[in-house]
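Here the structure comes first, spelled out in structure tokens, and everything after it is commentary.
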Amino acid sequence: MNDLNYEIDHSLFNDHIVSTTLVSTSNISNLPKLTELDEPGQFQNLQPTDVIEKQFGSVEDAESFYSNYSKAVGFSTRKDEMRRDSQGVITRRRWVCSKQGYRAQKYIQRIENKREPIAETRERC
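Using the UniProt record's numbering, read the sequence shown as starting at 1 and increasing by one per residue.
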């Protein structure tokens, strides 16, 4: 594993929006292992402040944690925004509530669609 670490961007936590930002660190040995993050009882006593500053060793660990956390507290997440640096390394990944926002009109009103688009599931939560 490399010496990169991910932490939560606090400004993006409103309305069930979660974002991880890449930061460089030389010591990630004190971070929880993925199996520790996936224990069902792990999420029952978490407060929003516990989730906001959580750091992960990889994007995959962060995605697994937020997917499990969101299901435990009653919503689901979807991938939203991702940014990479000039070397192709992910510098930012954002997950949002699966019902956040609306589907872009360009995906709804496509002329070349062979079938009707599926029902809208986003409710701008």
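Using N, Cα and C, we set each Cβ at its ideal position, and we do this for glycine too.
These numbers were taken from a predicted model, which means no experiment stands behind them.
Margin query: Applying the 10 Å Cβ sphere with the 16-neighbour rule, what's the burial state of Asp85?
Written below: exposed
Checklist line | Spatial neighbours of Glu120 in its chain, beta-carbon cut-off 7 Å, leaving aside the 5 residues before and after | finding: Within the same chain, Glu120 has close Cβ partners Arg103.
Notebook entry, point to check: Run through DSSP, which three-state label would Thr49 get?
Noted result: helix
Item checked: Ser70 burial status per 10 Å Cβ neighbour count (16 or more: buried) -> Buried, because 16 or more other Cβ atoms sit within 10 Å of the Cβ of Ser70.
Check: Grouping DSSP H, G and I as helix and E and B as strand, with all else coil, what is Ser29?
Finding: Bear in mind that the predicted position of Ser29 carries a pLDDT of just 46, short of 50, making it unreliable; the figure below should be weighed with that in mind. The three-state secondary structure of Ser29, taken from DSSP, is coil.
Notebook entry, point to check: Looking at C-alpha atoms only, which residue of Gln100, Ile108, Asn113 and Lys79 is the closest neighbour of Arg92?
Noted result: Lys79
Notebook entry, point to check: Based on the DSSP secondary-structure assignment, which residues constitute the bridge partners of Cys97?
Noted result: Thr77
Checklist line | N- and C-terminal bounds of the alpha helix (DSSP H) containing Gln105 | finding: Gln105 to Ile108
Item checked: Residues near Ala72 by beta carbon distance below 6 Å, same chain, minus five either side -> Within the same chain, Ala72 has close Cβ partners Phe43.
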